[in-house]
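Scroll down for the structure; my scribbles are underneath it.
Residue numbers (my numbering): 14 to 357.
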């Protein structure tokens, strides 16, 4: 069992939905970050999402993930939480059947669009854009189906044939194509895609920053990640109503705390603290920055280890960088002159 203190697991996991919730549950269970009671609750939650999720196609066809969760439960929740070979085979058949239907509709729409393109060329007229839009919409729906069914590489291949959209970026992240994520997320800022339901230009810009920050952190480019996360925090009022599928606002603050303290010079940290002063966001970040800027390095490190590190280990994206970032922070504090003791 890890040294992560007890916390409200239900409250934590409810910040996430869909595949992201499942991935975080899997991370916490396989890394031994939950007490046994919470672990069983988490696995039960994941099993039910994979067998009773709505809409039907979004999670109920991810038979590979269901098998993993069933194996982790290992019979501890009774017969109803065992994915038998029959259940898995039925789910696989449902996936293939639905996939065939979607591919058939897409092929028909592609032929329809090609015929329109050829006809418009022969008649020296403008092509009817509606037919191409139908084809692109069906391809996007196919990519969504593949993504939510756990076929991430296939989803990436499908979506890469479209104008860049946020789901393509997310698929690339899950496939660990981090360099491509950075390139694609910049393209997102060039124009607002038409295939992401409910996303306006500002939301797309926010999500592109999130994705680029996460990709830079994953590649070990901690300063670049810190700059992006700090930008979002500094303009919290502007972005506060927006969300990103892979993490919550509290996670952005956590990433900025670790990456920023590890790599940012004092002047940049002071600038962040100044912009955050009047905003009710990032209490932990502000506390650590105050301790650091005040030269109270021992207290800064103690707070990092006792309060921030356990949360960092829980996070599916940050946990593998905790040791490297912690070492950078320690080395940074060693070479800086410590302030004289204060009374506060």
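Just so it is clear, CB atoms sit at the ideal spot from N, CA and C, and this is done for glycine as well.
> Does the beta-carbon distance from residue 367 to residue 166 come in below 8 Å?
Replying inline: Limits of the chain in this structure are 14 at one end and 357 at the other, which puts residue 367 out of reach.
> Got a sec? Which residues, its chain only, sit under 7 Å from residue 357 by beta carbon, not counting five neighbours each side?
Replying inline: If you number the chain shown from 1, residue 357 lands on position 344. Low confidence applies here, because residue 357 scores a pLDDT of 48, under 50, leaving its location unreliable and the question unanswered by this model.
> Would residue 86 pass as a contact of residue 60 if the rule is Cβ separation under 8 Å?
Replying inline: Indexing the chain shown from 1 puts residue 86 at position 73. Indexing the chain shown from 1 puts residue 60 at position 47. Cβ atoms of residue 86 and residue 60: closer than 8 Å.
>> List, from N- to C-terminal side, the alpha helix (DSSP H) runs of 4 residues or more that fit wholly inside the segment 132-211.
In response: Counting only runs that start and end inside the segment 132-211, the alpha helix (DSSP H) elements of at least 4 residues fall at 142-161, 165-172, 179-187 and 191-201.
> Do you know offhand how far residue 184's Cα is from residue 178's?
Replying inline: For the purposes of this step, residue 184 is identified with residue 171 of the chain shown, where counting begins at 1. For the purposes of this step, residue 178 is identified with residue 165 of the chain shown, where counting begins at 1. For residue 184 and residue 178, the distance between alpha carbons rounds to 10 Å.
>> What does the Cβ neighbour count give for residue 139, buried or exposed, with the cut at 16 atoms within 10 Å?
In response: The residue you call residue 139 lines up with position 126 of the chain shown. Here residue 139 is exposed. Its C-beta has fewer than 16 other C-beta atoms within 10 Å.
>> Since residue 245 and residue 217 should fall inside the 8 Å C-beta cutoff, what is the C-beta to C-beta distance between them, to a whole number of angstroms?
In response: On the chain shown, residue 245 is found 232 positions in, with the first residue counted as 1. On the chain shown, residue 217 is found 204 positions in, with the first residue counted as 1. Wrong, their Cβ atoms sit about 14 Å apart, outside the cutoff.
>> Classify residue 159: buried if its beta carbon has 16 or more other beta carbons within 10 angstroms, exposed otherwise.
In response: Sequence index remark: in the chain shown, residue 159 carries index 146 (1-based). Sixteen is the threshold: when 16 or more other Cβ atoms of the shown chains lie within 10 Å of the Cβ of residue 159, as they do, the residue is buried.
> To the nearest angstrom, how far is it from the Cα of residue 77 to the Cα of residue 348?
Replying inline: Along the chain shown, read from residue 1 onward, the residue named residue 77 stands at position 64. Along the chain shown, read from residue 1 onward, the residue named residue 348 stands at position 335. Roughly 49 Å between the two C-alpha positions.
>> Please report the straight-line C-alpha distance between residue 47 and residue 141, rounded to a whole angstrom.
In response: As a working note, residue 47 is residue 34 in the chain shown. As a working note, residue 141 is residue 128 in the chain shown. Looking at the two C-alpha atoms, the distance is approximately 56 Å.
>> Only counting the same chain, and skipping five residues up and downstream in sequence, which positions put a Cβ closer than 6 Å to that of residue 437?
In response: Outside the shown range of the chain (14 to 357) lies residue 437, about which nothing can therefore be said.
>> Can you confirm whether residue 327, when its beta carbon is compared against all beta carbons of chain D, has any partner nearer than 8 Å?
In response: Absent from the structure: chain D. Only one protein chain is present.
> DSSP beta-bridge partners for residue 257?
Replying inline: For the purposes of this step, residue 257 is taken as residue 244 along the chain shown, with counting starting at 1. DSSP links residue 257 through a beta bridge to 260.
>> I'd like the list of long-range same chain contacts for residue 235, defined as Cβ closer than 6 Å, with 5 residues on each side in sequence excluded.
In response: Mapped onto the chain shown, residue 235 falls at position 222. Excluding residues up to 5 positions away in sequence, 272, 275 and 276 lie with their Cβ nearer than 6 Å to the Cβ of residue 235 in the same chain.
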